[in-house]
Each structure stands twice: as structure tokens, then as C-alpha cells.
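Participant:
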Amino acid sequence: MTRLSNDWRRTHYTKDVDESLTGENITVMGWIHEIRDLGGIIFVLIRDRDGMIQLTAPSKEIDDELLEQIRKLRKESVIGLKGTVQESGKAPNGAEIIPSEIKVFSLANQPLPMDPTEKVKAEIDTRLDSRFIDLRKPSVSAIFKIKSKMLHTVRTFFEENGYLEVNTPKLVASATEGGTELFPITYFEKEAFLGQSPQLYKQMMMSAGFDKVYEIAQIFRAEEHDTLRHLNEAISIDMEASFMDDVDVMKVLNDLVQEVIINVKNDCKEELKTLEVDLATPEGHFEIVNYDDAVDMINSRNVPMEWGEDLSRAAEKVLGDMMDGYYFLTEWPTEIKPFYVMPNEKNPIKSHAFDLMYKDLEISSGAMRVHQHDLLREKIAEKGLNPDAFGGYLKAFEYGMPPHSGWGLGADRFNMTLTGLENIRETVLFPRDRRRLTP
Ligand code: ATP
Ligand code: MG
81 MTRLSNDWRR THYTKDVDES LTGENITVMG WIHEIRDLGG IIFVLIRDRD
131 GMIQLTAPSK EIDDELLEQI RKLRKESVIG LKGTVQESGK APNGAEIIPS
181 EIKVFSLANQ PLPMDPTEKV KAEIDTRLDS RFIDLRKPSV SAIFKIKSKM
231 LHTVRTFFEE NGYLEVNTPK LVASATEGGT ELFPITYFEK EAFLGQSPQL
281 YKQMMMSAGF DKVYEIAQIF RAEEHDTLRH LNEAISIDME ASFMDDVDVM
331 KVLNDLVQEV IINVKNDCKE ELKTLEVDLA TPEGHFEIVN YDDAVDMINS
381 RNVPMEWGED LSRAAEKVLG DMMDGYYFLT EWPTEIKPFY VMPNEKNPIK
431 SHAFDLMYKD LEISSGAMRV HQHDLLREKI AEKGLNPDAF GGYLKAFEYG
481 MPPHSGWGLG ADRFNMTLTG LENIRETVLF PRDRRRLTP
């Protein structure tokens with residue numbers, strides 16, 4: 081491999097080439113999107129991440145060697161192009177480039193494993209098999225530009241509100257909520273697991289006096305389901321804050337979701353247009369439905385649900401039909417929530433847990449936590465788990481633990497609500513599901 085020479089440095093991205101540059105000599109880098117050879121003139125569309133520019137080669141004006149080089153180009157090859165900008169009413173950007181020199185960095189084999197233009201619709205499996213090409217499509221890269229904006233907003237939001245970003249381990253010795261749904265791994269001579277949630281660690285950060293923390297990281301769930309909203313590896317946006325209750329952290333979540341939507345609407349206009357999404361900015365507080373009312377609402381639509389059950393898929397669907405956009409589901413039965421969830425003091429069969437829903441999709445779960453050591457120990461045992469297996473965690477509750485609350489927001493599911501996509505696989509670069517571990 082040779083190092084890139086200084087002669088071949090990009091001067092412009094294609095989106096920045098317009099008639100204002102007329103007469104200038106520029107250098108662009110990109111992929112061959114399309115070649116049209118009309119004999120007397122050749123048009124080549126060159127694509128980079130955020131746009132395209134047309135190379136126009138009238139055979140009378142270009143020397144034969146260069147023409148020959150252009151004729152040999154193949155779709156999706158990567159080239160560098162030097163040339164002069166010329167105004168053009170017909171070209172996409174109102175400008176085109178008359179080539180003076182071309183450098184082929186990499187010639188793409190033909191035929192391509194899939195069509196990277198938007199002309200032919202491919203099945204999701206075909207697309208994921210050749211994901212690197214699929215991601216070249218503006219309608220696909222738009223999803224990840226929105227995700228990047230979302231994550232950036234999340235970080236800025238937390239930093240501006242005094243949260244510390246933390247990184248907790250993903251190799252763990254015991255389960256967060258019990259032994260199911262975990263990927264066991266071999267850890268030298270011991271058994272270990274991939275972390276299903278930073279829950280226990282972010283709570284320990286409260287005992288550590290970090291006051292307010294957030295983490296954006298992978299979670300691993302060995303759930304075998306094959307649904308449009310579950311993956312075996314997902315990104316969770318987690319927060320935990322001391323001296324806050326469930327209502328306080330619901331407000332944090334509400335504010336964060338609104339801030340993300342505002343920023344995406346402002347900064348991702350092109351991407352939203354490409355995806356044909358018209359994002360509504362939710363005003364004020366999201367609606368709150370308590371669990372009791374939700375059970376009644378679900379039963380009223382002839383989907384049977386007993387008090388104390390988790391929402392079935394059918395229940396989520398009818399509730400989603402009745403509710404618009406984002407809403408909180410609160411006052412969950414203690415029984416069906418994890419051991420670390422704080423029961424209601426007056427009526428302990430109910431809890432201080434909540435979910436944030438978007439229509440029929442759960443995007444976040446949160447709660448005020450149990451911060452009293454003895455109660456926590458008791459609750460672990462009630463769930464049929466061995467408190468001694470949680471020794472390292474429980475210890476943090478014995479030597480000064482503030483009351484605290486927090487939530488986990490699924491970044492990929494949140495992105496589904498921003499991009500209008502129904503299949504979570506589309507919002508993850510290289511999704512991991514029951515059947516897919518590559519690429
Ligand atoms: P569900 O009931 O939909 O399976 P959950 O209640 O098991 O989700 P939590 O443990 O509450 O999920 O995790 C917090 C958030 O993390 C969820 O609200 C969701 O947004 C996201 N999440 C959880 N599991 C997955 C998964 N397998 N794939 C993608 N996102 C997930
Ligand atoms: Mg949940």
C-alpha cells in the first residue's frame with residue numbers, strides 16, 4: 081500500500097459544489113453512482129456521504145487517454161476526480177465538473193451483490209448480507225445520521241445537566257434480574273455472562289457519591305424471540321440520579337425526548353425528507369396512564385388482561401391504538417417488576433416503576449429504586465434469587481446509599497420512533513438476532 085499523496089487530497093465534498101465555484105479547480109472523492117455513455121458525451125455521477133456531483137466529459141474537449149479511463153470505470157468503484165467546476169442548469173447541484181484527471185483507488189467487481197441505488201427494493205436479509213453496500217443508500221444512511229444526532233443530543237443534554245458519563249463492565253459474574261436471558265461465556269476457569277443492563281453498577285455509582293450518571297452502551301439479551309423490536313445486542317441509554325424520585329426522572333426523560341426531537345427536526349431536515357417522516361414535536365408533559373386504567377382500557381377493546389399481568393403484544397397494540405405518540409405507563413404491580421424497584425409505601429403491591437411508550441412500543445423502563453439494604457435483600461429472595469450471589473452489589477447498600485431513581489432508554493427503539501421504521505434491524509448497523517451473527 082502506498083500512502084495517499086498530497087496531490088490527491090479532497091478539496092470539496094460534493095454537497096458543497098455549486099455554481100458559486102464556477103471556474104475553480106477542485107478535487108472530490110467518491111463512489112461511481114451511475115455512468116451514462118452517450119458517445120459524444122459521458123456523464124458520471126460521483127457520490128460521497130452527503131451528496132452527489134456530476135462529472136461531464138464531452139469527448140471533443142477531453143483528451144483520449146482520460147476518456148478511455150472514464151469509459152473503463154465501473155459502478156461503485158472509488159475514485160478521485162480533479163476538474164473544473166462549470167455551471168449547469170441540468171446537473172443536480174446546478175454545477176458539474178469537467179474532468180482533468182482521475183485516480184482510481186479501487187475498482188468494484190461486477191455484478192454487485194445488490195443494487196445500491198434506490199431503484200430496486202431488496203429484502204431485509206439481502207440488504208443485511210451486503211450491509212456495507214446497503215448503507216451507501218441515502219435512505220439507509222439517513223437513519224444513522226439521525227441516530228448520531230440523537231446520541232449527540234443525549235450526551236449534550238446530560239453534560240449540561242451535570243451528569244457524569246460512566247462506563248460499567250459488560251463482562252459480569254451474575255445476572256441483573258435472574259438467570260434467564262443471559263449469554264454465558266467462558267471466563268478463564270469461571271462462568272461469566274455478557275451484561276444485560278448496567279443496572280446494578282449504575283446504582284453502585286450512587287453509593288459512590290457520583291450523584292448523577294449516564295451511560296450509553298451495549299446490552300446483551302439472550303432472548304430467543306424473533307420480533308421486529310428485539311435484538312440480542314442493543315444500545316441502552318441509561319441514567320441514574322441520587323435524591324430523585326420516579327416523578328423527577330420521568331421529567332428528565334420527557335425533557336430529553338423532546339430535546340432530541342427538536343434537534344433532529346432542526347438538523348436532519350434532509351434525512352427526514354428522504355425517509356418521508358413528518359416528526360411531530362410533543363408539547364409539555366407526556367400523557368400518564370396508570371397500570372389500573374391501562375388494564376381497563378385494554379379489556380374494553382376485548383383483549384383479555386388480568387390485573388398483575390405484563391402487557392401482551394395484543395395488549396400493547398390496542399393500547400397503542402388508543403394513545404397518541406409518547407405516553408408513560410405508571411404504578412406497575414411490584415410483582416412483575418425487578419427486585420430493585422421501590423414498592424409503593426402505602427400499597428406495596430404497586431410500585432414506583434414506569435415505562436415510556438411510543439404508541440405500541442416500549443422504549444424505556446425506569447423506577448425509583450429500593451435503597452434500603454434489608455428490604456433489597458428481602459426482595460431479591462422473594463424473586464427466588466440467592467442474595468449471597470449479589471454480595472458485591474448489596475454491600476454498596478450497607479455503607480451509605482442515597483435514595484435514587486433512573487431509567488434505561490433503548491437507543492435503537494427510540495430511533496425507530498424518530499425514523500418511522502417498524503423493524504429494529506433497520507436502525508442498527510450490523511444487527512444481531514437469533515439467526516444473524518454476521519456480518
Ligand atoms: P420488552 O418487554 O419490550 O422485551 P424489557 O422490558 O425486557 O423490554 P427493559 O429491561 O425494560 O426491557 O430494558 C429497557 C429498554 O431497553 C427497553 O424499554 C427497550 O427500549 C430496550 N431493550 C430491552 N431489550 C431489548 C432488546 N432485546 N432489543 C432492543 N431493545 C431492547
Ligand atoms: Mg421494560
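If you want this note's numbering, it's the position in the sequence shown, counting the first as 1, plus 80.
Using N, Cα and C, we set each Cβ at its ideal position, and we do this for glycine too.
Starting from ARG207, trace the alpha helix (DSSP H) both ways and give me its first and last residue.
Facilitator: Where ARG207 is concerned, the enclosing alpha helix (DSSP H) stretches over 204 to 209.
Participant: Counting along the chain, where does the alpha helix (DSSP H) carrying LYS162 start and finish?
Facilitator: Unbroken run through LYS162 is the beta strand (DSSP E), 158 to 167; no alpha helix (DSSP H).
Participant: Taking its Cβ as the centre, do 16 or more other Cβ atoms sit within 10 Å of PRO138, making it buried, or is it exposed?
Facilitator: The residue is exposed, with fewer than 16 neighbouring Cβ atoms inside 10 Å.
Participant: Going by the DSSP bridge assignment, what does GLY486 pair with across the sheet?
Facilitator: Note: GLY486 sits in a beta bridge opposite GLU320, ALA447.
Participant: Can you pull the DSSP bridge partners for PRO264?
Facilitator: DSSP lists PHE273 as partners of PRO264.
Participant: Excluding the five sequence neighbours on either side, which residues of its own chain have a C-beta within less than 7 Å of the C-beta of GLY500, listed in chain order?
Facilitator: Here the set comprises LEU355, VAL357.
Participant: Is SER287 near the ligand MG, with its Cβ less than 6 Å from a heavy atom?
Facilitator: Checking every heavy atom of the ligand MG against the Cβ of SER287, none is found closer than 6 Å.
Participant: Short check: CB of ILE378 to CB of LEU352, under 7 Å?
Facilitator: For ILE378 and LEU352, no; Cβs fall outside 7 Å.
Participant: Measuring CA to CA, which of ILE429, ASP328, ARG207, TYR438 is closest to HIS484?
Facilitator: Among ILE429, ASP328, ARG207, TYR438, the Cα nearest to that of HIS484 belongs to ASP328.
Participant: For SER100, name the three-state secondary structure that DSSP assigns.
Facilitator: In this structure, SER100 counts as helix in the three-state DSSP scheme.
Participant: Express the C-alpha separation of LEU333 and ILE416 in angstroms, rounding to a whole number.
Facilitator: Near 22 Å, if we compare the C-alpha coordinates of LEU333 and ILE416.
Participant: At what residues does the alpha helix (DSSP H) containing PRO218 begin and finish?
Facilitator: It spans 218 to 240 - the alpha helix (DSSP H) in which PRO218 sits, taken as one unbroken run.
Participant: If you measure between the beta carbons of PHE238 and TYR294, is that distance less than 7 Å?
Facilitator: In this structure, TYR294 lies closer than 7 Å to PHE238 by Cβ.
Participant: Assuming SER322 and MET286 make a contact with CB atoms under 8 Å, what is their CB distance in whole Å?
Facilitator: Confirmed, Cβ separation roughly 5 Å.
Participant: By the DSSP assignment, the alpha helix (DSSP H) with LEU551 in it spans what residues?
Facilitator: Outside the displayed range of the chain (81 to 519) lies residue 551, so it cannot be described from this structure.
Participant: Can you determine whether any heavy atom of the ligand MG sits closer than 6 Å to the C-beta of SER445, and answer yes or no?
Facilitator: It does: the Cβ of SER445 is within 6 Å (strictly closer) of some heavy atom of the ligand MG.
Participant: Using DSSP with H/G/I as helix, E/B as strand and the rest coil, what is ILE142?
Facilitator: Residue state, collapsed to three classes: coil.
Participant: In the DSSP assignment, what residue or residues form a beta bridge with PHE408?
Facilitator: In the DSSP output, where bridge partners are listed per residue, PHE408 has ILE368, LEU436.
Participant: The beta strand (DSSP E) spanning GLU181 covers which residue range?
Facilitator: Segment 175 to 186, the beta strand (DSSP E) holding GLU181.
Participant: At the level of alpha carbons, what is the spacing between LEU509 and GLU198?
Facilitator: Cα-Cα distance, rounded: 18 Å.
Participant: Between the alpha carbons of LEU436 and THR497, how many angstroms are there, rounded?
Facilitator: Their Cα atoms are separated by approximately 12 Å.
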